[in-house]
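Asker: One structure, pasted below without further comment.
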Amino acid sequence: MNELLSENEIMHRVQANWNKPAVSFLCTSFNQKDYIEQTIKGFLIQETTFPYEIMIHDDNSTDGTKDIIESYRIRYPHLIRCIIQSENQHSKGISTSMLAAEHCRSEYIALCEGDDYWISKTKIENQYQVILKDPTVSMVVSPGKLEVDGVIQSHLHCYYGDQLKEFSAQEVLNEVWQFAPTASYLLRKECLIKSSVVFGKTPVGDLFTELYTAVNGKLVYYPEVGSVYRMMAKNSWSERMSKNALANNIKFLNEMEAAIARTNKLPGFEDLDWSIKLSGIYYTLAVSYLKERDTKNFSNAIEKSYRYGIIARQQQLLYYCNKYIPALPMFIKPATYIKGGMKKLLKGFSS
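In my numbering, each residue's number is its place in the sequence shown (first place is 1) plus 6.
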């Protein structure tokens, strides 16, 4: 990134009361010293026509992350506000994003965790203009890029075309995997907090926040690529899930089914169809069982995945192999089902 502007230079560009920010950039961090500086720089490059604040919540990092945050707070004392915990809150089951949100002074919040970052200087400005033009919009999301092992991938993440589009809650659920990058979110503070209250503790809060905003307002897709999501970053959700994957996937399934059961009883959410999401969850679980060579549970999981809905060619092949040649999947390297190597098998299977 280019040389950062000083705090005075940033604040002089917008003649407004910076003690009343229009948007809060909310960042949660924990032991992310290798990433947090790039995250903060992504905030400071934003070119806006309104005042903003940067709210950083650090969950008692022990690797030097707090020192980096503090160095930027000193340089930008009127822009950056911090909550530095002396005890880890996540380990107590407390949502750090909710803790930080309560301290945000603005009506709107833009999320970006400490291992992700923004790359477009106009990311926030353009999304905010969408809301100004239509006050019924409760949330704006955008496509992003993926970074794997330090390399930004060529394909876009969560890309739905180059036009502004409104999504319903059902359309969110019809996406097998992630609907939108968390780092792309701009939403009403009220919606972020209320979604946590309405749904309670869920295994993946982002999805339920998206559902809440779609039902209680408008969830709008803005096509500008503005953020980067780091896959398997240190202390990230994706890294935590990959460790002891089978146990984590079983736990995730149980928690999701409980959350879905609760959600189905709520006004406005009772008619949602979760089949595609559940198909994806059971498919992921099936692959985990396959890695462990657990034939019985693999068979049950892939059967349930297929019954909920067809989501991928790999899933179809595993289902039919399990049904007609049940021993075959156990002789294939599990990584094949994840990294695209199934294409060769599919070609042979269909010939």
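C-beta: ideal position from N, C-alpha, C; glycine also.
Determine, using beta carbons only, whether Thr116 and Leu192 come nearer to each other than 8 Å.
Answerer: The sequence shown places Ala at residue 116, rather than the Thr named in the question. In contact: Ala116 and Leu192 (Cβ atoms closer than 8 Å).
Asker: Keeping to the same chain, check which residues put their C-beta closer than 7 Å to that of Ile86; ignore five residues upstream and five downstream.
Answerer: Around Ile86: Ile60, Ile62, Tyr78, Arg79.
Asker: Kindly give me the distance between the Cβ atoms of Arg81 and Ser30, rounded to whole angstroms, as I take these residues to be in contact under 8 Å.
Answerer: In fact, because the Cβ distance is near 19 Å, the residues do not count as touching under 8 Å.
Asker: Would you call the segment 170–181 and the segment 219–228 touching, i.e. three or more CB-CB distances under 8 Å?
Answerer: The answer is yes - the segment 219–228 touches the segment 170–181, with three or more Cβ pairs under 8 Å.
Asker: I believe Val234 touches Tyr123 by the beta-carbon criterion, under 8 Å. Please report the beta-carbon distance rounded to the nearest angstrom.
Answerer: Right, the Cβ-Cβ distance comes to about 5 Å (below 8 Å), so this counts as a contact.
Asker: Can you tell me whether Lys171 is helix, strand or coil according to DSSP?
Answerer: In the structure shown, Lys171 sits in a strand (DSSP, three-state: E or B).
Asker: Alpha carbon to alpha carbon, how far is Glu76 from Val182?
Answerer: Straight-line Cα distance between these residues: approximately 39 Å.
Asker: With Tyr289 and Ile317 assumed to form a contact (beta carbons below 8 Å), what rounded beta-carbon distance in angstroms separates them?
Answerer: At roughly 6 Å, the Cβ-Cβ gap stays under 8 Å, so Tyr289 and Ile317 are in contact.
Asker: Given that a residue counts as buried once 16 or more other Cβ atoms are within 10 Å of its Cβ, and exposed if not, what is Pro209?
Answerer: Pro209 should be labelled buried.
Asker: So the candidates are Gln133, Ser202, Ser160; which of them puts its Cα closest to the Cα of Ala189?
Answerer: The residue with the shortest Cα to Cα distance from Ala189 is Gln133.
Asker: Work out the CA separation of Leu32 and Phe258 for me, nearest whole Å.
Answerer: If you take the alpha carbons of Phe258 and Leu32, they lie about 26 Å apart.
Asker: Compute the beta-carbon to beta-carbon distance between Phe275 and Leu217, rounded to the nearest angstrom, for a pair I have assumed lies under 8 Å.
Answerer: Rounded, the Cβ-Cβ distance is 7 Å, consistent with contact.
Asker: Where does the unbroken beta strand (DSSP E) through Ser160 begin, and where does it stop?
Answerer: Ser160 -> beta strand (DSSP E) spans 157–163.
Asker: Measure from the alpha carbon of Thr301 to the alpha carbon of each residue in Pro332, Ile266, Asn222, then state which is nearest.
Answerer: The option with the nearest alpha carbon to Thr301 is Pro332.
Asker: Give the DSSP-derived three-state secondary structure of Arg268 in the structure shown.
Answerer: The answer is helix: DSSP assigns Arg268 an H, G or I state.
Asker: Assuming the contact rule is C-beta atoms closer than 8 Å, Glu162 and Pro141 should be a hit. Round their C-beta distance to whole Å, please.
Answerer: Note on residue identity: the sequence assigns Leu, not Glu, to residue 162. In fact, because the Cβ distance is near 29 Å, the residues do not count as touching under 8 Å.
Asker: From Ile46 to Pro83, what distance separates their C-alpha atoms?
Answerer: For Ile46 and Pro83, the distance between alpha carbons rounds to 13 Å.
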